[in-house]
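Its first residue numbered 43, the sequence shown is counted upward by one per residue in the working numbering. First the structure, in the form of structure tokens, and then the observations on it.
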Amino acid sequence: MGVSSASSAPAGQAAPPGITIQPDLPEPGEAQFAPGQGTVVAPVAPAAKDIGAVPMQSAAAGFYTCSGFGTVDDQTPLKNLYGDAYTWGPFPPYKVGNGGGNINWRLNPYKNASWYMWFHSLRWIGQGIIAAGKGDLTAMTRVNTIAYDWFRDNPYSWKGDIGAWESTMHRTNVLICLRQAIISGLQTTTLPARYAWVDTALLSHARFLTYNWSGAWNHGTDESIALFGVGCTVNRTDYKNLAQQRLAAGITTSIDAEGSTNEQSTAYAQFNYSLWGRAATVLQNCGVNPGTTIASRRALMATWLALATNSMGKLHQIGDSEVVSTYPWVGTPMEYAGSLGARGAAPAKRVGIFAAGYIFGRTGWGATRGFAGESAYSIRFGGVRGFHGHSDHTSMTYTSRGRDIVVDSGHAGYQNDVWRTWAEGPTAHSVMTTPLSVDRAAATKLTRSLVTANAEFFEFVDAPATGISRVRAVLVLKDPDLIVTLDRGSSKTAQQFQTLWHLPSDQRATVYSRTAAVAAAPGDSTRTILFQIPYRQALPAGAILIKQAQTNPIQGWHYRTIFIRKSAPTLMFARSGYSASILSFVVPVRTTGSVTYTTRMSGTTFVINLNVAGQRVSVGVSAGGSVFRIT
């Protein structure tokens, strides 16, 4: 199945410039694969009616641009490819073949599901395909041999191999890129007969995609784009039409009418923003009018993503998200948020409440304090947990004074192990937990909210476990910047009630009393004072604890990326019994700053008078559990 091994263009011809490749999309981390039987997300919203509804005005022939290799090829240069050595993620290069392109596709030396899935994606041969497109016939021989070896060793249908199954959409695009590279590298206009196997493989992949659609999430969108790409490449109208129908069905569920993602992850929201932009471009390039729904939903999501940006230009780390920067897309609200206020226009609002279960707020957009001088927060609520979501309802993240104050424990990757189980579970989030009960990953309702110029109040109600009710009231203040939460829980059986505050890994936390703890990074100009005030319940011994770097049970860790787990302090306000009432304060101040308070009753209102580094403020807690700013 090969050609001459000479590393040059055909005799008498100058080397071609190579194939056109689309820029890499901001895929969330290097892993997108959770082993299982394949997730299907049924569309729940009415389909868009405008995709392909209006004929394009141009009669030019359509084209499908190689979608690239998503950085998976970055660690496998040509010299490694010639030795059949594949590299992914943090793992060392591994020789997966005999040195001549005969690959053992059942290998998984690191027992890592994502390593195996990207192996079957063929994206790792990308640098060879790029070289082949420029006329390097040695590279062409090798990538053609490897790709054909996959096709020969994995006959249709490969659905019994979950790694091969889940990578079908990526492999389809790699085969299209290979086809283009062969035509470019040989400087011909059609695929030579000796490479006819590529078109045969594309048809088998299109058949697989036809019968195995993942639905209304990023996998389904990627699959539809790849299916459309086959139709455009080999001129199959039926494939193009089916892909259009699926994109129309998926867009209105993948991005809802407020711009929220259905994937319960900020990183995947940003990926979907880019992915749907690519979908529109792909349709248009091959003669299909993408309509206006895709563009309008992406515009809504651009505002969502801008509001989801913290005061350091990062997306709040929610769900299966690594710590990622907001991409400053020109002409969108993300341009301002992603550039930390250096370019573009600030969004019109500073607090967004989204029915899909997200609240993003900030003290401002930097007009007087500077972008990093503002404070920003996120709160989760909403429907039951989904595929890239965590059991994080009522959880908060918070940035202030140019740094992380309260963090999410992050994204542990997709291995089915105890670390992923913990990172997805409630104890990895800043919530009131009941660790003796079984988490239901239940829906959470936002029952009350009030947004004013210098304070925001929210109340959430849910039943996180059987026989347990939970109410969280949140008050976020500006000048002074701080968070107040009132957690109330009750149970039909005796429980442990633990309000957790997950702190950044660079900080050290120290308990000073039954009520207070302080967290600070060595040499930093900021420290965080965290304290609880007795409210309708005395503080027992052990009411405040620091948990860090524990492995049984797991607690006190942070994943900024799926490959880096760092020890991080978790502050626990603890109670036990049949009910709990935990009134917490999280106050970032300068290193020399302090917080003092007094309390009193005013009728049925519990009043807390605070002095926060010289700024005075009074907060009230009503008999009904509302928490509000008095002065």
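Glycine residues also receive a C-beta, built at the ideal position from the N, C-alpha and C atoms. From a predicted model like this one, the values you see are computed outputs, not experimental measurements.
Checklist entry - What does G401 pair with, by DSSP beta-bridge criteria? => result Before going on, a small fix: residue 401 reads as Ile here, not Gly. The partner list for I401 (beta bridge, DSSP) reads I395, I421.
Next on the checklist: What residue range does the beta strand (DSSP E) around N260 cover?
Outcome noted: Segment 260 to 276 is the alpha helix (DSSP H) holding N260; no beta strand (DSSP E) there.
Item to check | Between the CA atoms of A465 and G431 - distance to the nearest angstrom | outcome: 11 Å
Next on the checklist: So the candidates are T129, V518, P506; which of them puts its Cα closest to the Cα of V31?
Outcome noted: Residue 31 lies beyond the residue range present for the chain, which begins at 43 and ends at 673; the question has no answer from this structure.
Checklist entry - Opposite Y440 in the DSSP bridges: which residues? => result Y419, V448.
Next on the checklist: Just to check my reading of the structure: I188 and I225 have Cβ atoms closer than 8 Å, yes? What is that Cβ distance to the nearest angstrom?
Outcome noted: The Cβ separation is near 19 Å, so there is no contact.
Item to check | N- and C-terminal bounds of the alpha helix (DSSP H) containing V216 | outcome: 210 to 227
Item to check | For S532, the first and last residue of its enclosing beta strand (DSSP E) | outcome: 524 to 544
Checklist entry - Which value, in whole angstroms, describes the spacing of the CA atoms of N653 and M354? => result Their backbone Cα atoms lie some 27 Å apart in a straight line.
Next on the checklist: Distance check for C274 and A101, CA to CA, integer angstroms please.
Outcome noted: Interpretation of A101 is limited by its pLDDT of 48, a score under 50 that renders its predicted location unreliable; the figure taken from the coordinates is listed afterwards. Using only the alpha carbons, I get a separation of about 15 Å.
Checklist entry - Taking just the CA atoms, how far does L587 sit from I93? => result 56 Å
Next on the checklist: I'd like the list of long-range same chain contacts for G425, defined as Cβ closer than 7 Å, with 5 residues on each side in sequence excluded.
Outcome noted: Counting only Cβ-Cβ distances below 7 Å, and skipping sequence neighbours, we find G399, A485.
Item to check | Span of the beta strand (DSSP E) around M643 | outcome: 637 to 644
Checklist entry - Going by DSSP, which residues form a beta bridge with W599? => result For W599, which the question treats as bridged, DSSP gives the partners S609.
Checklist entry - Do you know whose CA, among Y198, T535, S533, M474, lies nearest V516's CA? => result Closest in C-alpha terms to V516, from the list Y198, T535, S533, M474, comes M474.
Checklist entry - Helix, strand or coil: which one does DSSP assign to P468? => result helix
Next on the checklist: Q64 and G110 - do their beta-carbons sit closer together than 8 Å?
Outcome noted: yes
Checklist entry - Short check: CB of A238 to CB of I171, under 8 Å? => result no
Checklist entry - Can you give the Cα-Cα distance for N651 and R530, rounded to whole angstroms? => result 22 Å
Checklist entry - Quick one: any contact between the region 541 to 551 and the region 610 to 620, if contact means 3 or more CB pairs under 8 Å? => result yes
Checklist entry - First and last residue of the alpha helix (DSSP H) that includes E377? => result 375 to 380
Checklist entry - Looking at C-alpha atoms only, which residue of D504, F648, A248 is the closest neighbour of Y270? => result Going by the sequence as given, residue 270 is Phe instead of Tyr. F270 has its Cα closest to that of A248, out of D504, F648, A248.
Checklist entry - How is Q574 classed by DSSP in three states: helix, strand or coil? => result strand
Item to check | Residue(s) in a DSSP beta bridge with A551 | outcome: A561
Item to check | Distance CB(F413)-CB(L382) smaller than 8 Å | outcome: yes
Checklist entry - When burial is assigned at 16 or more other CB atoms within 10 Å of the CB, is Y315 buried or exposed? => result Under a 10 Å Cβ-count criterion, Y315 is classified as buried, with 16 or more other Cβ atoms of the shown protein chains found around its own Cβ.
Item to check | Contact belief for Y106 with W166 at Cβ below 8 Å, rounded distance in angstroms | outcome: Not confirmed; about 22 Å, so no contact.
Checklist entry - For L519, does the three-state DSSP call read helix, strand or coil? => result strand
Next on the checklist: Just to confirm, is the Cβ distance from V669 to S660 under 8 Å?
Outcome noted: With contacts defined by Cβ atoms closer than 8 Å, V669 and S660 do not form a contacting pair.
Item to check | Neighbourhood of I61 by C-beta distance below 6 Å, restricted to the same chain and skipping five residues each side | outcome: C108, G175, Q222, A223, S226
Item to check | C-alpha distance - V663 paired with G455, whole-angstrom precision | outcome: Looking at the two C-alpha atoms, the distance is approximately 40 Å.
Checklist entry - For V426, which three-state DSSP category applies? => result coil
Next on the checklist: If I follow the unbroken beta strand (DSSP E) through G653, where does it start and stop?
Outcome noted: In the sequence under discussion, the amino acid at residue 653 is Asn, which differs from the Gly named in the question. For N653, the uninterrupted beta strand (DSSP E) run begins and ends at 647 to 654, by DSSP.
Item to check | Close beta carbons around W192, own chain, < 8 Å, minus the five adjacent residues each side | outcome: I145, W147, H162, L164, R213
Checklist entry - Using CA coordinates, which residue listed in N496, F627, A616 is at the minimum distance from I672? => result N496
Checklist entry - With DSSP run on the structure shown, which of helix, strand or coil describes G619? => result strand
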